[in-house]
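What follows is a set of notes on a single structure, which appears directly below.
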Amino acid sequence: MKINVLGSGHMGKQICSLFVVLGHEVKIWQNSSENLDDFIKNEIKKIEKYFELKSTGKYSIIYNLKDLDENFTIESVKEDILIKKKILGELNYKRNIFSNTSSLLLSEIGTNINGLHFMNPITLPLIELCKKADFSENLLNELLNSLKKLSYEIFNVEEKSGFLVNRILFKEISYFFYLYEVEKVSIKDLKKIYKIISNNTNPLKMVNMIGIDTSLSILENLNRHNKDTYVPKTLSENVKKGILGFKNKKILKL
Numbered sequence: 000m001k002i003n004v005l006g007s008g009h010m011g012k013q014i015c016s017l018f019v020v021l022g023h024e025v026k027i028w029q030n031s032s033e034n035l036d037d038f039i040k041n042e043i044k045k046i047e048k049y050f051e052l053k054s055t056g057k058y059s060i061i062y063n064l065k066d067l068d069e070n071f072t073i074e075s076v077k078e079d080i081l082i083k084k085k086i087l088g089e090l091n092y093k094r095n096i097f098s099n100t101s102s103l104l105l106s107e108i109g110t111n112i113n114g115l116h117f118m119n120p121i122t123l124p125l126i127e128l129c130k131k132a133d134f135s136e137n138l139l140n141e142l143l144n145s146l147k148k149l150s151y152e153i154f155n156v157e158e159k160s161g162f163l164v165n166r167i168l169f170k171e172i173s174y175f176f177y178l179y180e181v182e183k184v185s186i187k188d189l190k191k192i193y194k195i196i197s198n199n200t201n202p203l204k205m206v207n208m209i210g211i212d213t214s215l216s217i218l219e220n221l222n223r224h225n226k227d228t229y230v231p232k233t234l235s236e237n238v239k240k241g242i243l244g245f246k247n248k249k250i251l252k253l
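In terms of numbering that gives the first Met the number 0, the sequence shown opens at residue 0 and continues consecutively.
Below, the structure written as structure tokens:
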């Protein structure tokens, strides 16, 4: 199956690599100046090792959106409504487009946009699917069946900001930082509590894993639709300093 991936950031590289391992032919649009080839080869190796598989697909890097054929398309650019609309508007086609958005409303991006939300890291076997319009069920089923062979669970979700997973996950992240910033709860106590109740995984570790900039964008977007979502100043301050978490090896520490 031929797949287009729009965006060569942290998630775009992972999505491309996963489908290469699964045997698909992937074209990834590069929107950065990094040596993308080395990054993708490294991601492929990690996914091969995790699933104990040998890659059977291939990929190529595209630099001009107009050069993309009308294939099944997964958009994974920055979690910014204006950037997504601009990039998708430059495509020569309107069908079979799915966004990896984790906090924006699909209808705000475009009436022809569907949702296919992968987790980070991509080996987390959970995907949210939001079917809207203008797509082939046959192509979608072919793609989903290849994922199910690796025991991915596909959840059909309604169109809501954050779908389901991020509404659950970021409610916890938001409240963790609210307790720390607003109620001035000791970070030492918060970490101890999470170590006991959450198998040593706390929201601080989660935002480093997801990406501090991505986490901030998600919380800001969720806040637009639900003012109960607290947007932490700590994340904003660290993004301004270029501290983005594991993806650029600059870790937020409290």
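Where is the CB? At the ideal position from N, CA and C, for every residue including glycine.
Quantities reported herein were computed from a predicted structural model and do not represent experimental measurements.
From the DSSP output, in three-state form, read off Leu243 for me. Residue state, collapsed to three classes: coil.
Whole angstroms is fine: what's the gap from Ile192's alpha carbon to Phe175's? Rounded to the nearest angstrom, the gap between the Cα atoms of Ile192 and Phe175 is 11 Å.
Under three-state DSSP, which class holds Asn41? If DSSP states are grouped into helix, strand and coil, Asn41 belongs with the helices.
Tell me the start and end of each unbroken alpha helix (DSSP H) in the region 69-100 that is at least 4 residues and wholly inside, in chain order. Whole alpha helix (DSSP H) segments, 4+ residues: 80-88.
Taking all protein chains shown into account, do 16 or more other C-beta atoms lie within 10 angstroms of the C-beta of Tyr62, making it buried, or fewer, making it exposed? Around the beta carbon of Tyr62, fewer than 16 other beta carbons lie within 10 angstroms, which makes this residue exposed.
As assigned by DSSP and simplified to three states, the class of Ser59: Strand at Ser59.
Just the Cα atoms here: how many angstroms apart are Leu115 and Trp28? When the Cα atoms are used, Leu115 and Trp28 turn out to be separated by approximately 18 Å.
Ordered along the chain, which non-local residues of its own chain (more than five positions away) have a Cβ less than 8 Å from that of Glu47? Sequence-distant Cβ neighbours of Glu47 in its own chain, meaning closer than 8 Å and more than five residues away, are Val20, Lys53 and Ser54.
Should Val4 be labelled buried (16 or more other beta-carbon atoms within 10 Å of its own) or exposed? Buried.
Residue span of the alpha helix (DSSP H) that contains Glu180, given as start and end: For Glu180, the enclosing alpha helix (DSSP H) covers residues Val164 to Glu180.
Between the Cα of Glu136 and those of Ile96, Leu189, Thr213 and Leu203, spot the shortest distance and give me the residue it belongs to. Residue Ile96 is the option with its Cα nearest to Glu136.
Taking a contact to mean a Cβ-Cβ separation below 9 Å, would you say Glu24 touches Ile39 in this structure? Cβ atoms of Glu24 and Ile39: not closer than 9 Å.
Determine the contact status of Leu221 and Phe154, defining contact as a CB-CB distance below 9 Å. No, Cβ-Cβ distance for Leu221 and Phe154 is not below 9 Å.
Is the beta carbon of Lys243 less than 9 Å from the beta carbon of Val230? Checking the sequence, you will find Leu at residue 243 rather than Lys. No, these two residues do not count as a Cβ contact at 9 Å.
Would you mind working out which of Lys44, Ile209, Gly88 and Asp79 sits nearest Leu64, comparing C-alpha positions? Put simply, of Lys44, Ile209, Gly88 and Asp79 the residue whose alpha carbon is nearest the alpha carbon of Leu64 is Gly88.
Report yes if the C-beta distance between Asn165 and Asp133 is below 9 Å; otherwise report no. In this structure, Asn165 keeps its C-beta atom at 9 Å or more from the C-beta atom of Asp133.
Which whole-angstrom value is the C-beta distance of Lys26 and Leu67, which I expect to be below 8 Å? With a Cβ gap of about 6 Å, Lys26 and Leu67 count as contacting.
Near Lys130, what residues of its chain come up, given a Cβ to Cβ distance below 6 Å and the 5 sequence neighbours on each side ignored? Cβ neighbours of Lys130 beyond the five flanking positions: Asn113.
Tell me, please, which residues DSSP counts as bridged to Ile186. Beta-bridge pairing links Ile186 to no other residue.
Cβ shell of Gly161 (< 6 Å), same chain only, five flanking positions each side left out: Only Ser102 and Leu221 meet the Cβ criterion.
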